[in-house]
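Reminder that position 271 of the sequence shown reads as 279 in this note's numbering, one-by-one numbering, no gaps. Cβ coordinates follow ideal geometry from the N, Cα and C atoms, glycine included. Everything numeric in this text was worked out from a predicted model, so none of it was measured.
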Amino acid sequence: MRVLILGAGFGGLQLSARLSEELGDDVEVTLIDQADGFVFGFSKLDVMFGRTTEQAVRHSYADVVKPGVRFVSTTIRAIDPVAKRVETDAGSFEGDVLVVALGADLHPEATPGLLEAGYEFYTPDAAFRLRQVLQDFPGGRVIIGVTSTPFKCPPAPSETALLMHDFLAERGLRDRSEIALVMPLGAPIPPSPAASQAILAAFAERGISWHPSTLITRLDPDRKVAVTAAGDEIVFDLFLGVPKHQVPAVVAESGMCVDGWIPVDPLTLQTSYEDVYAVGDVTSVGTPKAGVFSERQADVVADALIARARDQQTASRYDGTGICYLEFGAEEVARVQVTFVSGQPPYGTFDDPSAQLARDKAEFGTSRVRRWFGRDWTSLES
Ligand SMILES: Cc1cc2nc3c(=O)[nH]c(=O)nc-3n(C[C@H](O)[C@H](O)[C@H](O)COP(=O)(O)OP(=O)(O)OC[C@H]3O[C@@H](n4cnc5c(N)ncnc54)[C@H](O)[C@@H]3O)c2cc1C
Numbered sequence: 009m010r011v012l013i014l015g016a017g018f019g020g021l022q023l024s025a026r027l028s029e030e031l032g033d034d035v036e037v038t039l040i041d042q043a044d045g046f047v048f049g050f051s052k053l054d055v056m057f058g059r060t061t062e063q064a065v066r067h068s069y070a071d072v073v074k075p076g077v078r079f080v081s082t083t084i085r086a087i088d089p090v091a092k093r094v095e096t097d098a099g100s101f102e103g104d105v106l107v108v109a110l111g112a113d114l115h116p117e118a119t120p121g122l123l124e125a126g127y128e129f130y131t132p133d134a135a136f137r138l139r140q141v142l143q144d145f146p147g148g149r150v151i152i153g154v155t156s157t158p159f160k161c162p163p164a165p166s167e168t169a170l171l172m173h174d175f176l177a178e179r180g181l182r183d184r185s186e187i188a189l190v191m192p193l194g195a196p197i198p199p200s201p202a203a204s205q206a207i208l209a210a211f212a213e214r215g216i217s218w219h220p221s222t223l224i225t226r227l228d229p230d231r232k233v234a235v236t237a238a239g240d241e242i243v244f245d246l247f248l249g250v251p252k253h254q255v256p257a258v259v260a261e262s263g264m265c266v267d268g269w270i271p272v273d274p275l276t277l278q279t280s281y282e283d284v285y286a287v288g289d290v291t292s293v294g295t296p297k298a299g300v301f302s303e304r305q306a307d308v309v310a311d312a313l314i315a316r317a318r319d320q321q322t323a324s325r326y327d328g329t330g331i332c333y334l335e336f337g338a339e340e341v342a343r344v345q346v347t348f349v350s351g352q353p354p355y356g357t358f359d360d361p362s363a364q365l366a367r368d369k370a371e372f373g374t375s376r377v378r379r380w381f382g383r384d385w386t387s388l389e390s
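Rendered as structure tokens:
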């Protein structure tokens, strides 16, 4: 079986690792990505706040050496979901099965003034550049603001606000600074009321101002104000924005999207095209855009393909469950487990912040690097 996997992020890496572990050379996997390496979303915050370095968090695709898997470093220019073929800068590739795991692209230029007057912190390069900007920041009014929905890792802006508090406090700048978090959501983590309550209590304790159900639509570079969808203005000295998300252009042009994202069967991740699957942020599967959900979806596709290679059936179905680690500052991390089942309200558990959960989060990263790249990693090494 020839499996063509587009994108080596959380979803593509997990799927190729599982296929290799279970089928070895009995499967022919081609994994394509245009980046030099993989960076965990949470590592962007670690670099930005000076907790580690860019070199320590970029996992080179040169280390993806697995039986049955060929990694191709190139840009995908066209996808034909009927022929299960792609055109790339390195030629055409075809599979018996095609899996689209190309994630969500980020468009800071879509928010007027964002690039001129502020910064985005969702792409690796922009987050890495912010490290120096934050080092040089003398204190002042900081806004962390979301410019559109949906956006990856809904807890990340709240984590950023809490880490910003610590960062400024450690430098003796907190007293002369203000931190505001502006989000279109009504609660920091809507599916987990307990997590939202804990975050709001942490904001209140630290004097972080919280602006729910509010979207930033533009920045005025001359007056250094952020303008909300309702027309209100908030003055800032430093604006950190979550930019607009959309599928990569090559996905939009493939004809696979409905309302901007690839629709899939929520239990099997199959698209409407035969033997074509999509996993992760590129889909409209109904769970948040986060790596843990992409990974779990990749596991379901892996189960289906492994069963198919062995001429067996599988009962494996996507259950919409994800565990998310939340940075609370003070070197503590909390944990939320949420399950999304179509037609029902999401439910889950919340564990209070602790140093033990910070160690669990580090092990989460380490275990993925070991499985995907075959080497050891300590997430905060510098
Ligand atoms: C600040 C921040 C913090 C986060 N924290 C967490 C967290 O704690 N936990 C969590 O679970 N998630 C977190 N996330 C979210 C997480 O990073 C993403 O949701 C996850 O990476 C999505 O996985 P994916 O496989 O769907 O797509 P991605 O990981 O985005 O992978 C898509 C891949 O496709 C490649 N690609 C795209 N277009 C092309 C093309 N034309 N040709 C070739 N290759 C292409 C890209 O280079 C990329 O490697 C965070 C995100 C951010 C920004």
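- Following the DSSP letters along the chain, one finds GLY20 inside the alpha helix (DSSP H) bounded by residues 18 to 31.
- At least one heavy atom of ligand 1 sits closer than 7 Å to the Cβ of ALA109.
- Annotation: the continuous beta strand (DSSP E) that includes LYS252 extends over 252 to 254.
- In the DSSP assignment, ASP88 falls outside any alpha helix (DSSP H) and lies within the beta strand (DSSP E) extending over 84 to 88.
- The beta carbon of TYR127 lies closer than 6 Å to those of LEU138, LEU248 in the same chain, with the five residues before and after it left out.
- The beta strand (DSSP E) runs of length 3 or more contained entirely in the region 164 to 220 are, from start to end of the chain, 186 to 190, 216 to 219.
- Beta-bridge analysis with DSSP links LEU123 to no other residue.
- As far as DSSP is concerned, TYR281 takes part in no beta bridge.
- By the criterion of at least three beta-carbon pairs nearer than 8 Å, the region 72 to 79 is not in contact with the region 210 to 217.
- With contact defined as three or more Cβ pairs closer than 8 Å, the region 93 to 102 and the region 284 to 294 are not in contact.
- With three or more CB-CB distances shorter than 8 Å, the region 128 to 136 counts as touching the region 44 to 55.
- The C-beta distance from VAL341 to ALA366 rounds to 4 Å, short enough to meet the 8 Å contact threshold.
- For the 8 Å CB-CB criterion, LEU277 and VAL287 form a contact.
- Following the DSSP letters along the chain, one finds PHE57 in no beta strand (DSSP E), marked with neither H nor E.
- GLY337 is bridged by DSSP to GLU340.
- Excluding the 5 residues flanking it on each side, GLU167 has same chain C-beta neighbours closer than 7 Å at LEU53, LEU334, GLU335, in chain order.
- Short note on TYR130: C-beta closer than 7 Å to some heavy atom of ligand 1.
- Taking C-beta atoms as the reference points, VAL154 and LEU106 fail to come closer than 8 Å.
- 8 Å or more divides the Cβ of ASP71 from the Cβ of THR82.
- A distance below 6 Å between beta-carbons, with the five flanking residues on each side excluded, links ALA25 to the following residues of its chain, in chain order: ARG379, TRP380.
- Following the DSSP letters along the chain, one finds PHE381 inside the alpha helix (DSSP H) bounded by residues 363 to 381.
- Short of 7 Å from the beta carbon of THR157, and not among the five residues preceding or following it, lie these beta carbons of its own chain, in chain order: PRO192.
- Straight across, the Cα-Cα distance linking ARG318 with ARG10 is about 14 Å.
- Contact annotation: LEU27 and ALA310 have beta-carbon atoms nearer than 8 Å.
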